[in-house]
Amino acid sequence: MDNEMELVHKAAEGDHFAFEELVLKYQKPVYNLALRMCSNPEDALDLSQEAFIKAWRGLSSYRFDSAFSTWLYRLTSNVCIDFLRKKKKQATVPLTIVNDESEERELTIPDPAPNTEEQVITRIEHEALAEAMAQLEPEYRQALTLRVVNGLSYTEIAELLEIKEGTVKSRIARAREKMRKMMQKDGNNSANASSKGTERRSSE
Amino acid sequence: MNCENALILISGHIDGENTPEEEALLRAHLEECPDCRAVLRAYEEIDSELTASEEEPPQTLLSGVMETILEQKRETKPRRRFIFGGGTAIAAAVLLLIVGMSGALPDFSQGKASTVDNPTTQQEELTPRSDVPVEPVTSSFELPYNEELLVLVLEDDPADPAEAAIAALSSLICEQAVSGEYTQYWTDAATAREIVSCFEDIYSITIPSGLQEAASDEKCVIRIVQPE
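In order, the protein sequences belong to chains A and B. Numbering-wise (the numbering used here), the first sequence opens with residue 1041 and increments by one. Numbering-wise (the numbering used here), the second sequence opens with residue 110 and increments by one.
Structure, rendered in C-alpha cells:
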C-alpha cells in the first residue's frame, strides 16, 4: 500500500508514468465494474477510459482519507450511473406534430421497454448471468458488483455510495434473490430452490 | 425465523458480514430447512459465476487513456519535475527540435558515417523508393529513407549529454556518425513521443504534428546532433 500511495502522490503531481502504473493495476476491476453496470463491452471500454481520465484530472481533489481504490470505484460507479440515466432518458420515440400556429414540435412518448438495449448481450460469456444482471435495477447491480467483483466490504460500499450499511446489506440480498429467481427461470441454475421456499414459513 | 427473513442472513453469511447472533439464528434455521440450504448454494453459485466471468480489459483501454492524458498535458504546460532522470532535471540537452519527412531534412552530415552491421530489421525494411526525389547530400552517408520515415533532430549539450540523461535512449538501436557529429536512434513514434513529452515539460515544446499524428508503431529516427 505504501508503494501505491507513492504512485498516487506522484501522479497527483503530474507524473503520468506513475499514473500509468495505477491504470495497469486497476484497469481490470474498473473495466469489470463498468461491464457489469452497463452490460456491454463497448460501453464498458468507453466508460472505463472516461473514469480513468476523470481520475487523472481529479487527483488533486483526492484527499487520501479513503482508500484510493474506493475513490476510483466511486468515480467509475458514478460515470456508469450517469450513463445509464442518460440512456434511459434517450429511449424515446420522437414524433413531430404541428400545432395551431403551424409550428413543429417533437412529441415524445416514453419507450415502453427501456431495457431492450440492455438485453442485447453479444460477446459476454456466461450469457444467462449477464442477462440476469442486465435486468437488475442499477442500484442492485452496482451493490452486488462492488461486493463480489470488486471485493469491497459493506462498510466500504456504504462509504462509497454514501448510504447506510444496512441499506447495502439489503440491496445485495435483494440483488442475489432476484438473480436466483431469474436464473431459475432460464433453467441454467442447477441449485433451484423449490417454489415453496419463498412462501412464509416458520420453523423452530 | 421464517424463510423470507432468512434470505438477507444467507446473503450476509456469504459476505461474512453477519453478527454472531445472526449467524447463530441462521445456522439453526438452515439445519431444518432444505429449501434455504438450496438458496445458499444458489447464491454461492451466482458469486462464483460472477467472479469467473471477469474479463481482461482490451489493450486499447490503457493506450486510449494515456494518449488523452498526454494530449492534455501538452495543452496545460504546468511546471513539473523532470521524470526520466529520477528527479534531476536535464540541464540543457534540447534547444532545437526539428521533425521532418525525409525530403525536408536539413543536412547535418558533413563527413562519412559508418553503419553498425545491420543493427536492426527496421533498417532492412526501409528501402529508398525510386519515385522519391533524393535530397542532394554533400556527404557519402546515405540513410535508407522512404516517404514515411519520421526524423527528429535534437541538439545535444556536451555538458549534459542526452545519451546519459535520457534513459530511454539506451534501449534503442543506434548508429554513430564517424565524424561524431550525430548519433542516430531507431525507434517508433510512440517511444519518440514519450521522449519528447519529457522535454516538453521543461522547454514548452509541443510535439510536432507529424509526430503527433503518426501511428504508434511507425518507424522513427531520433538524431542527437552536436552543437556547432
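Ideal Cβ positions, reconstructed from N, Cα and C, are used throughout, including at glycine. Keep in mind it's a predicted model, so treat the numbers as computed, not measured.
Judged by DSSP in its simplified three-state form, Arg-1103 (chain A) adopts coil rather than helix or strand.
Collapsing the DSSP output to three states places Leu-1192 (chain A) in coil. Counted as a single uninterrupted DSSP element, the beta strand (DSSP E) harbouring Thr-296 (chain B) occupies residues 291 to 297. Contact between the stretch 1178 to 1197 of chain A and the stretch 1207 to 1222 of chain A is established, with three or more Cβ pairs separated by less than 8 Å.
Excluding sequence positions up to five before and after Leu-134 (chain B), its CB lies within less than 8 Å of the CB of Met-110 and Leu-118, all in the same chain and listed in chain order. One thing to note: His-1166 (chain A) has its Cβ no nearer than 8 Å to the Cβ of Ser-157 (chain B). Ile-282 (chain B) and Val-334 (chain B) have their C-alpha atoms some 16 Å from each other. If the five residues before and after Tyr-1194 (chain A) are omitted, its C-beta is found closer than 7 Å to the C-beta atoms of Glu-1205, Val-1208 and Lys-1209, all from its own chain and listed in chain order. For Asn-1080 (chain A), the closest of B:Gln-293, B:Asp-269, B:Ser-280 and B:Pro-166 by C-alpha to C-alpha distance is B:Pro-166. With its beta carbon less than 8 Å from one in chain B, Ser-1210 (chain A) belongs to the interface. A:Tyr-1066 is the residue among A:Arg-1076, A:Phe-1123 and A:Tyr-1066 whose C-alpha sits nearest the C-alpha of Ala-1095 (chain A). Residues of the stretch 1075 to 1086 of chain A whose Cβ lies closer than 7 Å to any Cβ of chain B, in chain order: Leu-1075 and Leu-1085.
Within chain B, the residues placing a beta-carbon under 7 Å from that of Val-1188 (chain A) are Asp-156, Leu-159 and Thr-160, ordered along the chain. Contacts with chain B at 8 Å (Cβ-Cβ) do not include Leu-1062 (chain A).
The beta carbon of Ile-1212 (chain A) sits closer than 6 Å to those of Ala-1183, Leu-1184 and Arg-1187, all from its chain and outside the five residues before and after it, given in chain order.
A Cβ-Cβ contact shorter than 8 Å links His-1056 (chain A) with Leu-179 (chain B). Residue burial is scored here from C-beta neighbours: Lys-328 (chain B) has at least 16 other C-beta atoms within 10 angstroms and is therefore classed as buried. In the structure shown, Leu-139 (chain B) falls within a helical segment according to DSSP collapsed to helix, strand and coil. Secondary structure of Asn-111 (chain B) (DSSP, three-state): strand. Neighbours of Ser-120 (chain B) in chain A, taken as residues at a C-beta separation under 9 Å, are given in chain order as Lys-1209, Ser-1210, Ile-1212, Ala-1213, Arg-1214, Ala-1215, Arg-1216 and Glu-1217.
For Ile-178 (chain B), the residues of chain A that pass the 8 Å Cβ criterion are His-1056, Phe-1059, Ile-1093 and Trp-1096, in the order they occur in the chain.
With respect to the 8 Å criterion, Glu-1199 (chain A) and Ser-1106 (chain A) are classified as neighbours on the basis of their beta carbons. Proximity of His-1166 (chain A) to chain B, defined by a Cβ-Cβ separation below 8 Å, is satisfied. Along the stretch 1167 to 1187 of chain A, the positions whose C-beta sits under 9 Å from a C-beta of chain B are Ala-1168, Leu-1169, Ala-1170, Ala-1172, Met-1173, Leu-1184, Thr-1185 and Arg-1187, read in chain order. If you check each beta-carbon in the stretch 122 to 134 of chain B against every beta-carbon of chain A, the ones closer than 7 Å belong to Asp-124 and Glu-126.
Taking C-alpha positions only, Glu-164 (chain B) is separated from Tyr-291 (chain B) by approximately 48 Å. At least 8 Å separates the CB of Lys-1129 (chain A) from every CB of chain B. Using a Cβ-Cβ cut-off of 8 Å, Val-305 (chain B) is close to nothing in chain A; its nearest Cβ partner there is about 13 Å away. In terms of beta-carbon proximity, Lys-182 (chain B) lines the interface with chain A, with at least one pair separated by less than 8 Å.
Excluding its 5 nearest sequence neighbours in each direction, Ile-123 (chain B) has C-beta neighbours in its own chain below 7 Å: Tyr-152, Glu-153 and Asp-156, listed in chain order. For Arg-1114 (chain A), there are no C-beta contacts with chain B under 8 Å, since the nearest C-beta of that chain is about 18 Å from it. A check of alpha carbon separations from Ser-172 (chain B) across A:Trp-1111, A:Gly-1191 and A:Gln-1089 identifies A:Gln-1089 as the nearest. Interface flag for Tyr-1071 (chain A) against chain B is set, since a Cβ pair is found closer than 8 Å. Contact annotation, Val-1070 (chain A) with Ala-1091 (chain A): C-beta distance approximately 6 Å; criterion of less than 8 Å satisfied. For the pair Leu-1176 (chain A) and Ala-1215 (chain A), the Cα-to-Cα distance works out to about 7 Å. Counting the other Cβ atoms within 10 Å of the Cβ of Gln-168 (chain B) gives fewer than 16, which makes it exposed.
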